[in-house]
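There are 2 protein chains.
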Amino acid sequence: MATDRLSMIFAALADPTRRAILARLAEGEATVSELAEPFSISLPAISRHLKVLEQAGLITRSRTAQWRSSSLNPEPLREATAWMERYRRFWDTSFDRLDAHLRRLQQPQSTPDDEQQ
Amino acid sequence: MATDRLSMIFAALADPTRRAILARLAEGEATVSELAEPFSISLPAISRHLKVLEQAGLITRSRTAQWRSSSLNPEPLREATAWMERYRRFWDTSFDRLDAHLRRLQQPQSTPDDEQQ
DNA sequence: TCGTTAATTAACCAACGCGTTAAACATAGG
DNA sequence: CCTATGTTTAACGCGTTGGTTAATTAACGA
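Taken in sequence, the protein lines are chains A and B. Residues 1 to 117 (UniProt numbering) are what the first sequence spells out, left to right. Residues 1 to 117 (UniProt numbering) are what the second sequence spells out, left to right.
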């Protein structure tokens with residue numbers, strides 16, 4: 001498994017089944033069986049997708065009786081968006097204009113920097 | 001390899017070395033050797049990271065003489081951000097307030113939906 | 001043409017990801 | 001208790017990823 005948090009988040013999002021699960025959870029919390037219903041894969045497979053999402057912090061889980069219900073935790077999505085946001089000036093033209101404006105006003109130009117490894 | 005575009009983008013971003021390469025490319029285009037310099041891994045390894053980034057559409061490559069220079073292509077980052085944007089209302093409180101406001105005004109509530117698979 | 005430099009491809013290996021089925025665990029409830 | 005239901009864990013297969021070193025390709029330049 002990936003060691004750093006951001007890698008875990010992106011890796012979790014790299015699977016279409018997991019993204020679909022998140023989309024479902026956006027409508028409200030759901031049990032494992034409910035989440036598995038739209039898919040043609042086994043329950044253990046779903047169970048492990050949920051573990052990946054949980055370890056990435058994208059869902060939180062609670063138990064009542066024999067049901068484990070998952071609910072969306074958006075925090076990591078905010079983190080991932082924040083990382084990408086640093087590149088926004090490369091595609092968002094209005095941001096480009098803002099960027100140019102700020103650069104005219106202030107002295108330092110900031111460029112995105114990633115974690116060194 | 002992942003089949004859909006979004007999965008390829010997220011998978012490409014899931015590696016810290018590749019994110020660092022993107023950060024370096026945000027400062028301007030660079031050759032393979034220049035990109036490899038900060039890392040303690042071999043040139044072939046870097047070469048394959050670049051192939052992953054290229055296939056995800058995150059970089060474009062050009063050649064002059066024996067140098068292959070890479071430059072950032074932000075489009076996929078915009079795509080990925082657009083996907084996450086649908087969940088913004090779950091963490092952004094000002095969006096929450098806007099969302100609540102819109103829900104009060106209009107009848108249908110929209111929830112994010114993912115690609116079915 | 002020959003050597004040097006830049007980069008990729010080939011061949012290999014260990015670890016991981018994602019699926020399976022079968023077994024085990026946890027809780028409710030007759 | 002025993003059984004049914006919901007979920008996870010175990011054990012396995014198989015393709016992919018991410019690294020290595022060695023060989024190959026590509027282009028320049030004396």
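Beta carbons are placed, not taken as given, at the ideal position from N, Cα and C, and that holds for glycine.
Label Ile9 (chain B) either buried or exposed according to how many other C-beta atoms from any shown protein chain fall within 10 Å of its C-beta, with 16 as the threshold for buried.
-> Buried.
Within chain A, the residues that Ser62 (chain B) reaches when beta carbons sit closer than 9 Å = Going along chain A, no residue has its Cβ under 9 Å from Ser62 (chain B), so there is no contact; the nearest lies around 17 Å.
Take Ala56 (chain A) and list the residues in its own chain whose beta-carbon comes closer than 7 Å to its own, dropping the five residues that flank it on each side.
-> Within the same chain, Cβ atoms closer than 7 Å to the Cβ of Ala56 (chain A) are found at Met8, Ile9, Ala12, Pro76, the five residues on either side in sequence being excluded.
Spell out whether any CB of chain B is found under 8 Å from the CB atom of Trp91 (chain A).
-> Yes - at least one Cβ of chain B is within 8 Å of the one on Trp91 (chain A).
Enumerated in chain order, which unbroken segments of the alpha helix (DSSP H) with a length of 4 residues or greater are wholly contained in the UniProt domain "HTH arsR-type" (1-92) of chain B?
-> For the UniProt domain "HTH arsR-type" (1-92) of chain B, the full-length alpha helix (DSSP H) segments reaching 4 residues or more read 5-13, 16-25, 32-36, 43-55, 75-85 along the chain.
Counting only beta-carbon atoms, is Arg78 (chain B) nearer than 8 Å to chain A?
-> Yes, Arg78 (chain B) counts as interfacial toward chain A.
Could you tell me whether the Cβ of Glu54 (chain B) comes closer than 8 Å to any Cβ of chain A?
-> So, not an interface residue.
Buried or exposed: which applies to Pro38 (chain B), given that a residue is buried once 16 or more other Cβ atoms fall within 10 Å of its Cβ?
-> By the neighbour-count criterion, in which 16 or more other beta carbons inside 10 Å mark a residue as buried, Pro38 (chain B) falls on the exposed side.
Return the CA-CA distance between Arg18 (chain A) and Ile46 (chain A), expressed in angstroms with no decimal places.
-> It is roughly 9 Å from the alpha-carbon of Arg18 (chain A) to the alpha-carbon of Ile46 (chain A).
In chain B, what lies closer than 7 Å to Ala36 (chain A) by C-beta?
-> Per Cβ cutoff of 7 Å: no residues; Ala36 (chain A) is ~14 Å from chain B at best.
Neighbour list for Ser7 (chain B) in chain A, Cβ cutoff strictly below 9 Å = Counting only Cβ-Cβ distances below 9 Å, Ser7 (chain B) has contacts in chain A at Leu13, Ala14, Asp15, Pro16, Arg19, in chain order.
Measure how close the beta-carbons of Leu72 (chain A) and Ala26 (chain A) come, nearest whole angstrom, since I'm counting them as under 8 Å.
-> Yes, Leu72 (chain A) and Ala26 (chain A) are in contact; Cβ-Cβ is about 6 Å, under 8 Å.
Distance between Arg78 (chain B) and Ala30 (chain A) (C-alpha atoms, nearest Å) = Approximately 30 Å between the Cα atoms of the pair.
For Pro74 (chain B), is the classification buried or exposed, using 16 other Cβ atoms within 10 angstroms of its Cβ as the cut-off for buried?
-> The residue is buried, with at least 16 neighbouring Cβ atoms inside 10 Å.
Hey, would you say Ser70 (chain A) sits closer than 8 Å to Leu43 (chain A), going by beta carbons?
-> No, they are not a contact pair.
Closer than 7 Å at the beta carbon, the chain B residues around Pro74 (chain A) = Correct list: Tyr87, Phe90, Trp91.
Just the Cα atoms here: how many angstroms apart are Asp4 (chain B) and Ala14 (chain A)?
-> Asp4 (chain B) and Ala14 (chain A) have their C-alpha atoms some 10 Å from each other.
From B:Pro16, B:Ser40, B:Ala82, pick the residue whose C-alpha is nearest to that of residue 122 (chain A); which is it?
-> For chain A, the structure presents residues 1 to 117; residue 122 (chain A) sits outside this window and is missing.
Relative to the alpha-carbon of Ala2 (chain B), which residue among B:Val52, B:Arg61, B:Arg68 has its alpha-carbon at the smallest distance?
-> Selected option, being the one with the closest Cα: B:Val52.
Would you please verify whether the beta carbon of Asp4 (chain A) is less than 8 Å from any beta carbon of chain B?
-> Asp4 (chain A) counts as touching chain B.
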